[in-house]
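Just below is one structure, and these are the notes that go with it.
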Amino acid sequence: MANAIKPDATRRDFLFVATGAAAAVGGVAAVWPFIDQMNPSSAVLAMASIEVDLSAIQAGQQVIFKWRGHPLFVRRRTPKEIAEARAVSLNDLVDRVARNANIAENAPASDENRVIKPEWLVLVGVCTHLGCTPTVSTPQSPQGSYGGWLCHCHGSDYDTAGRIRKGPAPQNLAVPPYAFTGPTKIKIG
Amino acid sequence: MAGHTKYVPGSAFTRWLDTRLPILRLANENLVTYPTPRNLNFWYTFGGILTFMLGIQMLTGIVLAMHYVPNGDLAFASVEQRIMREVNYGWLIRYIHSSGASMFFLAVYVHMFRGLYYGSYKAPREVLWILGVFIYLLMVMTAFFGYVLPWGQMSFWGATVITSLFSALDQVIPHLGTSITTWLWGDFAVGDATLNRFFSLHYLMPFVIAGVVGLHIWALHVPGNNNPLGIDAKGPQDFVPFHPYYTVKDAFYLVLFLIVYMAFVFYAPNFFGNPDNYIQANPLVTPPDIVPEWYLLPFYAMLRSVPQKLLGVIVMGGALVTLLFIPWLDSSKVRSCRFRPLMKQLFWIFAADCILLGYCGSQSADAAWNIVGIDLPLVWVARLATLYYFGFFWVLMPWVGRIEVTAPLPESIAQSVLARSVKTEDAE
Ligand code: FES
Chain X
577 MANAIKPDAT RRDFLFVATG AAAAVGGVAA VWPFIDQMNP SSAVLAMASI
627 EVDLSAIQAG QQVIFKWRGH PLFVRRRTPK EIAEARAVSL NDLVDRVARN
677 ANIAENAPAS DENRVIKPEW LVLVGVCTHL GCTPTVSTPQ SPQGSYGGWL
727 CHCHGSDYDT AGRIRKGPAP QNLAVPPYAF TGPTKIKIG
Chain A
1184 MAGHTKYVPG SAFTRWLDTR LPILRLANEN LVTYPTPRNL NFWYTFGGIL
1234 TFMLGIQMLT GIVLAMHYVP NGDLAFASVE QRIMREVNYG WLIRYIHSSG
1284 ASMFFLAVYV HMFRGLYYGS YKAPREVLWI LGVFIYLLMV MTAFFGYVLP
1334 WGQMSFWGAT VITSLFSALD QVIPHLGTSI TTWLWGDFAV GDATLNRFFS
1384 LHYLMPFVIA GVVGLHIWAL HVPGNNNPLG IDAKGPQDFV PFHPYYTVKD
1434 AFYLVLFLIV YMAFVFYAPN FFGNPDNYIQ ANPLVTPPDI VPEWYLLPFY
1484 AMLRSVPQKL LGVIVMGGAL VTLLFIPWLD SSKVRSCRFR PLMKQLFWIF
1534 AADCILLGYC GSQSADAAWN IVGIDLPLVW VARLATLYYF GFFWVLMPWV
1584 GRIEVTAPLP ESIAQSVLAR SVKTEDAE
């Protein structure tokens, strides 16, 4: 006579499992919009790229533009700075990946792979440690020991190709996607 | 619990209410007749002070929110112009709130060190201690969100540096950390979206804290208070009712605390602040030295003392998480440091160590001490201090409890208290 009870129990079990499953799936489905609303909104994503004119920048000088809420460094390197960056062996680098959005993701961090034209170094000015803006090194006010940039927050030292050489930052300064639209005009983003 | 008097409603109305919602009974049993060890000293008054401070921060915060605008273009002016100059008494309410945050942390640190000294985390009070650590972590988050709101340079760059801690996860799984920071910011950098959500969370968190404080007090009232002797209260002779004994004692020290607090509010309202925060946030210029508020400096020093990003973040997080394990790290049967000659010394070294770490965190990244002509970089001082911080909890605490010869414990609280009063009578 056990069968007389069983159908009832199975039906209850079925309802129990079905309700539980629906609640679990529904719960996840309900939570997702609340998580995803935190991500950048379409207005933020739709941010236009910027175009900048470089002709006014002198050799040895850096100009900062604003791109995607971040500082963007454009540095017109002197032949000496370029030579210094090119003399560095890959083995001496902390981060051996180019971090250049315009070329392959795993390209080595040679100076050639950090620029489109050697004279113009274009970088996102965000220290890869915790996001401060590094200070540029110039002959008038040298910063750090590699002639590039020094981040004052926790002492990350970058060379004249924007590659990390010393300090807590794990990566080279990022090269944003950009292209030359004229001899001295670039479009970023 | 021993000595618990039963609440007897006094009037027809309270009798009526008591059978429907026994809220007066709850208040009576927890705030009036609650049996409290008779030997609690000054250091035990900070629990009450902290509850008071939470109330003050909520009250002033709700008022400030009526005038504040959480918008990247308007936030700075809504604080410096509207609240500080235009709103009636806006300056006062803001200074009470901003200095209040520092006083709140001052009180919580005293409260935590007191718990550490008297072994208040030991069985059966482990859950009480852990809830306390949760409250502290919630306070840190609330303070961080709040510090961002005036949208000055320190607000902006502090927010950038702290949220970027998560980008260290890129070293575990590529892009994981960056996705998290983008998610936290709602943008590709700290910006308007970030400010808005921080405001929303800053308003929410105090209510969460209030909830956990309720649990904390509940967990306190089950085993009852620890006390400076660290021995269990055994009978009615060891207790006094909470009211009037401790309500009055708490109130007295609260007044002294308020005098110090108001001295800051009226005479040095920017004492704890950073002048850079009077410059509006500028995403293109980082201030020369980014420092957190004083109450987070020791952890900041630990972060900076490690030259590797992910490891630095792990050390800093580990310093906080360690607090949760203290009840099981301490192997001693004796609670109070009064009877632990070795632990007492290590405790004071630990307290000094925390202050030293705070000092290191306040100095610039490349600062050095010049000792007899030799430059000792502060980062090395911070490294040693960090080592002691972890060593104290993970090595000394488990070890000292096993080898230490403790002083004899008094028979009971009452006996110890009475013996002391006899001694003072003899001396007179
Ligand atoms: S943010 Fe640049 S070194 Fe830390």
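Going down the list, the sequences are from chains X and A.
Under this note's numbering, the first residue of the first sequence carries the number 577, and numbering increases by one thereafter.
Under this note's numbering, the first residue of the second sequence carries the number 1184, and numbering increases by one thereafter.
By construction, the Cβ of each residue, glycine as well, lies at the ideal position given by its N, Cα and C atoms.
Cβ contact (3+ pairs, closer than 8 Å) linking the stretch 1573 to 1580 of chain A and the stretch 1518 to 1536 of chain A
At 8 Å Cβ cutoff, the stretches touch.
Residue 612 (chain X) to residue 1436 (chain A) span [Cα, whole Å]:
48 Å
Using alpha carbons as the reference points, say which of A:1270, A:1300, A:1242 and A:1592 lies closest to residue 1250 (chain A).
A:1270
Closest Cα partner of residue 1282 (chain A) within the set A:1244, A:1471, A:1294 and A:1561
A:1244
Could you pull out every residue in the same chain whose Cβ sits closer than 6 Å to the Cβ of residue 1363 (chain A), ignoring the five residues on either side in sequence?
1349
Whose Cβ in chain A lies nearer than 7 Å to the Cβ of residue 588 (chain X)?
By Cβ distance, chain A contributes nothing, its closest Cβ being about 36 Å from residue 588 (chain X), past 7 Å.
I'd like to confirm something about residue 1344 (chain A): is its beta-carbon nearer than 8 Å to some heavy atom of the ligand FES, or not?
yes
Keeping to the same chain, check which residues put their C-beta closer than 6 Å to that of residue 1316 (chain A); ignore five residues upstream and five downstream.
1506 and 1507
So, is residue 1194 (chain A) buried or exposed, given that buried needs 16 or more other C-beta atoms within 10 angstroms?
exposed
Are there any heavy atoms of the ligand FES lying less than 8 Å away from the beta-carbon of residue 1284 (chain A), as far as the coordinates show?
no
Return the first residue and the last residue of the beta strand (DSSP E) that residue 732 (chain X) is part of.
732 to 735
Cross-chain neighbours of residue 644 (chain X) in chain A, by beta carbon under 9 Å:
1370, 1371 and 1372
Residue from A:1354, A:1413 and A:1201 with nearest C-alpha to residue 1298 (chain A)
Nearest C-alpha to residue 1298 (chain A): A:1413.
Under 9 Å by beta carbon: chain X residues contacting residue 1472 (chain A):
728 and 729
Just checking my contact of residue 1395 (chain A) with residue 1311 (chain A) at CB under 8 Å: how many whole Å lie between their CB atoms?
Taking 8 Å as the upper bound for CB-CB distance, residue 1395 (chain A) and residue 1311 (chain A) are not in contact here, some 11 Å apart.
Among the residues of its own chain, which have a CB less than 7 Å from the CB of residue 1201 (chain A), if the five just before and after it don't count?
Only 1192, 1207 and 1208 meet the Cβ criterion.
Helix, strand or coil: which one does DSSP assign to residue 1334 (chain A)?
In this structure, residue 1334 (chain A) counts as coil in the three-state DSSP scheme.
Check whether chain X comes within 9 Å of residue 1552 (chain A), counting only Cβ atoms and requiring the distance to be less than that.
no
Nearest-residue set for the ligand FES, Cβ under 5 Å from any heavy atom
X:703, X:705, X:706, X:708, X:727, X:729, X:730 and X:732
Should residue 743 (chain X) be flagged as near chain A, meaning a C-beta pair shorter than 9 Å?
Residue 743 (chain X) belongs to the set of residues whose beta carbon lies under 9 Å from a beta carbon in chain A.
So which residues of chain X does residue 1354 (chain A) contact, with C-beta pairs closer than 7 Å?
746
Once you ignore the five residues that flank residue 1314 (chain A) on each side, which residues in its own chain have a CB closer than 8 Å to its CB?
1395, 1398, 1399 and 1402
From the DSSP output, in three-state form, read off residue 1159 (chain A) for me.
Only positions 1184 to 1611 of chain A appear in the structure, and residue 1159 (chain A) is not among them; the question remains open.
Beta bridge counterpart(s) of residue 711 (chain X) as assigned by DSSP:
In DSSP, residue 711 (chain X) forms a bridge with X:726.
Among A:1237, A:1588, A:1513 and A:1551, which residue has its Cα nearest to the Cα of residue 1303 (chain A)?
A:1513
Quick check: what's the CA-CA separation for residue 1498 (chain A) versus residue 1486 (chain A)?
7 Å
Below 9 Å between beta carbons: does that hold for residue 709 (chain X) and residue 638 (chain X)?
no
List, in chain order, every chain X residue whose beta-carbon is nearer than 9 Å to that of residue 1491 (chain A).
744 and 746
What residue range does the beta strand (DSSP E) around residue 697 (chain X) cover?
696 to 700
Establish whether the CB of residue 1569 (chain A) and some CB of chain X are separated by less than 9 Å.
No, residue 1569 (chain A) does not count as interfacial toward chain X.
Using the beta-carbon of each residue, which ones in chain A are nearer than 7 Å to residue 676 (chain X)?
Here the premise fails: no neighbours, minimum Cβ distance about 16 Å.
Since residue 1495 (chain A) meets chain X, which of its residues come closer than 8 Å, beta carbon to beta carbon?
744
What are the uninterrupted segments assigned as beta strand (DSSP E) that are 3 or more residues long and contained completely in the stretch 635 to 711 of chain X, given in chain order?
638 to 643, 646 to 652 and 696 to 700, all fully within the stretch 635 to 711 of chain X.
Going by CA-CA distance only, name the one from X:699, X:663 and X:632 that's closest to residue 674 (chain X).
X:699
Identify whether residue 1440 (chain A) lies in helix, strand or coil by the three-state DSSP scheme.
helix
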